[in-house]
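A.B. asks: This structure is in structure tokens; I'll ask about it shortly.
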């Protein structure tokens, strides 16, 4: 039986990875789209060639993806971002499909930041959205990345609001307190299993 595919999303700083790790502890296989995309950008000769054509030789330093340079290029240029996604996303999708085939659990989770924004939410069986107050998210990101408040707020403004995401989600996990989040994950896990076994 092919596992059901659950999308896990949330705005920057909402704590998607924390939630993903709780699911992982329950034995659910997790696919982190962003991590896999970066790995493919370093590994795939085709992607490398296309990105160099798009961004120039600076896209790679010593054969490794020049992340700060790429980030600065796409930060305020939606067109470049879309062109880059058109190169990378199909490869990630293929990689993900092969990964799913190797799993033998009732469901798997794919964690992706822009599920709604890029329309890919339609491909999932169920969607979990992680939410947290804006101030909490801002604090987390500033602590985690060496980014400025303006930069983080610009990213937030480019993403859908929590309310927009909640409307299209099957499950919502509020991630402000770790213990509560862990309990919520356990409850959602049980609900998903119940839905899969009694559709």
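Residue numbers (the working numbering): 1206 to 1404.
Beta carbons: idealized from backbone N, C-alpha and C, even for Gly.
Over what stretch of residues does the alpha helix (DSSP H) that includes residue 1213 continue unbroken?
C.D. replies: Taken as a continuous stretch (DSSP letters only), residue 1213 belongs to no alpha helix (DSSP H), being part of the beta strand (DSSP E) at 1209-1215.
A.B. asks: Leaving aside the five residues before and after residue 1216 along the sequence, list all residues of the same chain whose C-beta is less than 7 Å from its C-beta, in chain order.
C.D. replies: 1342, 1361, 1364 and 1367
A.B. asks: Are there 16 or more other CB atoms within 10 angstroms of the CB of residue 1206, so buried, or fewer, so exposed?
C.D. replies: exposed
A.B. asks: Using the Cβ count rule (16 or more neighbours within 10 Å means buried), how would you classify residue 1388?
C.D. replies: exposed
A.B. asks: Using the beta-carbon count (16 or more within 10 Å), is residue 1315 buried or exposed?
C.D. replies: buried
A.B. asks: Classify residue 1302 as buried or exposed, calling it buried when 16 or more other Cβ atoms lie within 10 Å of its own Cβ.
C.D. replies: exposed
A.B. asks: Identify whether residue 1226 lies in helix, strand or coil by the three-state DSSP scheme.
C.D. replies: Helix at residue 1226.
A.B. asks: Name the residue from 1243, 1238 and 1275 whose alpha carbon lies nearest to the alpha carbon of residue 1258.
C.D. replies: 1275
A.B. asks: Report the start-end ranges of each alpha helix (DSSP H) in the region 1267-1343 that is 4 residues or longer and not cut off at the edges.
C.D. replies: 1272-1279 and 1283-1306
A.B. asks: Residue 1296 and residue 1245 look like a contact to me (Cβ under 8 Å); what is the Cβ gap, rounded to whole Å?
C.D. replies: So it is a contact: roughly 5 Å between Cβ atoms.
A.B. asks: Assuming residue 1239 and residue 1318 form a contact by the criterion Cβ under 8 Å, report the distance between their Cβ atoms to the nearest whole angstrom.
C.D. replies: 7 Å
A.B. asks: How big is the Cα-Cα spacing for residue 1236 and residue 1332?
C.D. replies: 14 Å
A.B. asks: Do the region 1334-1352 and the region 1211-1230 touch if we need at least three Cβ pairs shorter than 8 Å?
C.D. replies: As far as the Cβ criterion goes, the region 1334-1352 touches the region 1211-1230, which means the pair count is three or higher.
A.B. asks: With burial defined as no fewer than 16 other Cβ atoms inside 10 Å of the residue's Cβ, what is the status of residue 1381: buried or exposed?
C.D. replies: exposed
A.B. asks: In its own chain, which residues sit with a C-beta less than 8 Å from the C-beta of residue 1339, not counting the 5 before and 5 after it?
C.D. replies: 1361
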